[in-house]
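For the sequence shown, counting from 1, position 201 maps to 675 in the numbering used here; every step adds exactly one. Ideal placement from N, C-alpha and C gives every residue a C-beta, glycine not left out. Keep in mind the model is a prediction, meaning the values are calculated, not measured. Following: one structure in structure tokens, then a few remarks.
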Amino acid sequence: MAIDQETSPATTDLKPNLPVIENEIPTYRAVSTRALLAVVCGLMAMFSFAHPFFYLFAILAVVLGVSADRAIQRYPDALTGQTIARVGVLLGLVFGLSIATITTLQDYLIRREAEKFAVHYGERLKEAPLLELYWLGLPPNTREQVTAEENWAQIQGSSKQEQAMAEMEKAPLKLLSERLKSSADQKIAFKNVEYQTQDSDNTPLILAVYEIDGPASSEHEAKEFAGVVFKGMIPEGSRIYEWWASDIRYPYTPATYTPPVKPVDDGHGHGAGDGHGH
């Protein structure tokens with residue numbers, strides 16, 4: 475039998491069937507700088523427990539992390555670090571929100587305790603002698619070391635200049651006390667906390683507003699207001715704040731107070747619209 479020359483081994487393609495070898499070098503991708511900064515800011519946000527300034531780092535962690543995540547998704551061939559960016563966002567949210575929640579709760583508890591003391595202080599303004607009111611103006615750690623009578627004796631025994639300074643400082647308190655004790659019909663009631671903040675050494679500070687109502691006189695209107703600044707501290711060995719009245723403003727105009735509108739005189743000694751038309 476004749477052999478087909480075209481299909482014989484001599485004429486068969488003998489090139490080996492080898493796999494194609496890829497020689498391509500992977501493209502270099504840089505770690506996103508914003509992703510790294512987001513993590514750093516997220517870790518710095520932990521210090522928000524110590525000072526509100528560090529809330530800024532929680533915000534930056536979220537902003538930088540989200541920005542980095544979007545940039546990495548937009549340029550996947552040039553940037554990497556998406557996981558790092560998302561960790562930064564997570565840290566910012568966890569520390570920022572948890573600390574904000576804790577701070578809000580602490581502010582609420584401080585405010586509630588301050589309001590209790592404000593009610594008590596209003597009662598003492600009406601009933602207590604001036605020497606006790608002076609004593610309630612001392613910080614709690616000082617009140618532990620001196621009685622109201624001893625504090626009063628120290629004031630009376632001080633120099634004339636020091637007494638004059640004390641009289642000037644306590645003049646609103648003395649004026650308010652004298653009005654409240656001038657008649658049994660004089661009333662005082664705690665209304666609300668107008669604002670709450672902290673001073674430079676993180677001492678809680680609130681401004682409590684009182685409404686005074688009673689018979690008018692040449693010195694006082696029938697209805698007036700007083701503002702008392704309370705400060706709080708936690709004495710050693712205690713877990714709760716104790717308060718003192720650091721400043722009194724009397725008479726005081728609350729920020730939310732709208733004075734009554736007086737009728738316009740019609741020229742005949744009657745207010746317009748008072749029912750005495752001519």
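Asked                                                                                                                                                             : Found
Quick check: the region 592-603 against the region 562-578, are there 3 or more CB pairs under 8 Å?                                                               : no
Hey, how far is the Cα of threonine 732 from the Cα of isoleucine 558?                                                                                            : 55 Å
Enumerated in chain order, which unbroken segments of the alpha helix (DSSP H) with a length of 4 residues or greater are wholly contained in the region 516-603? : 529-548 and 556-601
What residue ranges within the region 695-738 form continuous beta strand (DSSP E) runs of no fewer than 3 residues, ordered along the chain?                     : 697-707 and 716-723
The alpha helix (DSSP H) that contains tryptophan 646, what's its start and end?                                                                                  : Note that residue 646 corresponds to proline in the displayed sequence, not to tryptophan. It spans 645-654 - the alpha helix (DSSP H) in which proline 646 sits, taken as one unbroken run.
Any contact between the region 697-706 and the region 673-683? By contact I mean 3 or more CB pairs, one from each, below 8 Å.                                    : yes
Quick check: the Cα distance between alanine 592 and lysine 665, rounded to an integer number of angstroms?                                                       : 10 Å
From this set, Gly711, Leu583 and Ser522, which residue's C-alpha is nearest leucine 571's C-alpha?                                                               : Ser522
Please name the residue or residues paired with valine 667 in a DSSP beta bridge.                                                                                 : Ala682
Can you tell me which of the three DSSP states alanine 504 falls into?                                                                                            : strand
Report the rounded CA-to-CA distance for leucine 654 versus glycine 516, giving the unit in angstroms.                                                            : 55 Å
Return yes when the Cβ of isoleucine 714 is within less than 8 Å of the Cβ of glutamate 587, no when it is not.                                                   : yes
For the region 612-625 and the region 641-661, state whether three or more C-beta atom pairs, one from each stretch, are separated by less than 8 Å.              : no
Just to confirm, are alanine 535 and alanine 552 a CB contact at a threshold of 8 Å?                                                                              : no
Let me check understanding here. Comparing Cα to Cα, which of Gln672, Phe527, Pro725 and Glu668 lies closest to histidine 694?                                    : Pro725
Which residues mark the beginning and the end of the alpha helix (DSSP H) in which proline 614 is found?                                                          : 614-617
Whole-angstrom Cβ separation of glycine 539 and alanine 512, contact assumed at under 8 Å?                                                                        : 4 Å
Roughly how many angstroms separate the alpha carbons of asparagine 625 and tyrosine 608, rounded to a whole number?                                              : 8 Å
DSSP three-state label for glutamine 672, please.                                                                                                                 : strand
To which residues of the same chain is tyrosine 669 closer than 6 Å at the C-beta, ignoring the five residues directly before and after it?                       : Leu681
For isoleucine 546 versus serine 506, is the C-beta distance shorter than 8 Å?                                                                                    : yes
Looking at the strands, I want to know which residues DSSP matches up with aspartate 687.                                                                         : Lys661 and Lys697
Is leucine 610 helix, strand or coil by DSSP?                                                                                                                     : coil
Considering only residues of the same chain and omitting the five flanking positions on each side of serine 651, which have a CB-CB separation below 8 Å?         : Leu599, Leu604 and Leu607
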